[in-house]
Structures are given as structure tokens and as C-alpha cells.
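Participant:
Numbering (the working numbering), first residue to last: 200 to 316.
1) Does the distance from the CB of residue 303 to the CB of residue 279 come in under 8 Å?
2) I'd like the list of long-range same chain contacts for residue 282, defined as Cβ closer than 6 Å, with 5 residues on each side in sequence excluded.
3) Quick one, which of 289, 207, 293, 307 has its alpha-carbon nearest residue 247's?
4) Look up residue 217 in the DSSP assignment and say whether it is helix, strand or coil.
5) Output yes or no for whether 8 Å exceeds the beta carbon distance between residue 258 and residue 231.
6) Looking at C-alpha atoms only, which residue of 222, 215, 288 is the closest neighbour of residue 256?
This is the structure:
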């Protein structure tokens, strides 16, 4: 049987903040976090969403390895069916290896910008 916190529950935001803070500290101590001019800026979070960013697919997979370690240690699960990866840059459509998290494959999405003439 699985137990958890009900979505929309009064304690849900506080408990998520406690868990996510530990995860973000793990990212920061690993040196894999987002940096701007050598200043660590962390990962953008809102409600129960975290945006993970990296400069390469290899680093992103290493971040997912940290997530797997965290999920084992704190007995939490990441929902890979609701998670996606978006690649940005001149090689956004190049074929590359799958990203895996919690035994699942993260699907790639393509973001296109419509240019108005």
C-alpha cells in the first residue's frame, strides 16, 4: 500500500518545500546546478514543479542520477509520465540518448517559435 500527502491538502505545500529544499541543496553541493557568471542561481520552482537545466545531455543525466539517489533516500517518486525534456540550441533536433529517471524514459518535446512576417 502506498501512502502520501493529498493534493490540495493543507500540509502539502509545506512538506513539498521541505523535500524540495533538500533536493536543491543536493544539486548545489554537486556543482551541477545552474550558474550565471559563476554565481549559483539554482533551479526555478513553482508549486510542485521544478525546472532542471543543464548545458549538456550528459550533465542532465547526472542530475537525474542525483534525483534517483534522493528518491531512494527520502522515499519519494518522480512522475516520469508528467515530466518532459526540451532541448534548446542549434542542435535541438539531433538524435541523442534517452534521458532516464526512476527507471522511466523522459520524453522529448519540441518547442517551436512561430515567426510572424
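Where a beta carbon is used, it is the ideal one built from N, C-alpha and C, also for glycine.
Facilitator: This is what the structure gives:
1) yes
2) 305
3) Closest option to residue 247, Cα to Cα, is 207.
4) helix
5) yes
6) 288
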